[in-house]
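Taking the numbering used here, the leading residue of the sequence shown gets 17, the next gets one more, and so forth. Comments concern the structure below.
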Amino acid sequence: MEANYEEIKKNLPMGWQKKIADTVGCSPITVTNVLGRRSDKNMKSRYAIDVLSCAIKMAEEHKKAIDKISNQAKSL
């Protein structure tokens, strides 16, 4: 499970804590705590599901954009 969180964080763009916090409506510290799995009580936060869903969506979009740029650069 820990590897999954690291994979998500690895594919997030710069400033992801603030972007996710603004989207979900919580503080950047809450986002960091949920994705950092600081303690199990953070996973019981009312924001945990929304933070994880937003992070996964953002990571997927960022990874697709990086892959697209990489493929275009290879074709040049």
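All residues carry an ideal CB built from backbone N, CA and C; glycine is no exception. Only a predicted model underlies this, so the values are computations on that prediction, with no experimental measurement involved.
With a CB to CB cut of under 7 Å and the five nearest residues on each side skipped, what residues in its chain are close to ALA75?
-> Counting only Cβ-Cβ distances below 7 Å, and skipping sequence neighbours, we find ILE24, ASN27 and LEU28.
Name the two residues that bound the continuous alpha helix (DSSP H) containing PRO44.
-> Segment 44 to 52, the alpha helix (DSSP H) holding PRO44.
Own chain residues within Cβ distance below 7 Å of SER61, not counting five before or after = Cβ neighbours of SER61 beyond the five flanking positions: THR46 and VAL50.
Between the Cα of VAL40 and the Cα atoms of HIS78, ALA81, TYR63 and GLU22, which residue gives the shortest distance?
-> The residue from HIS78, ALA81, TYR63 and GLU22 with its alpha-carbon nearest to that of VAL40 is TYR63.
ILE36 classed as buried or exposed, judged by whether at least 16 other C-beta atoms fall within 10 angstroms = Buried: at least 16 other Cβ atoms inside 10 Å.
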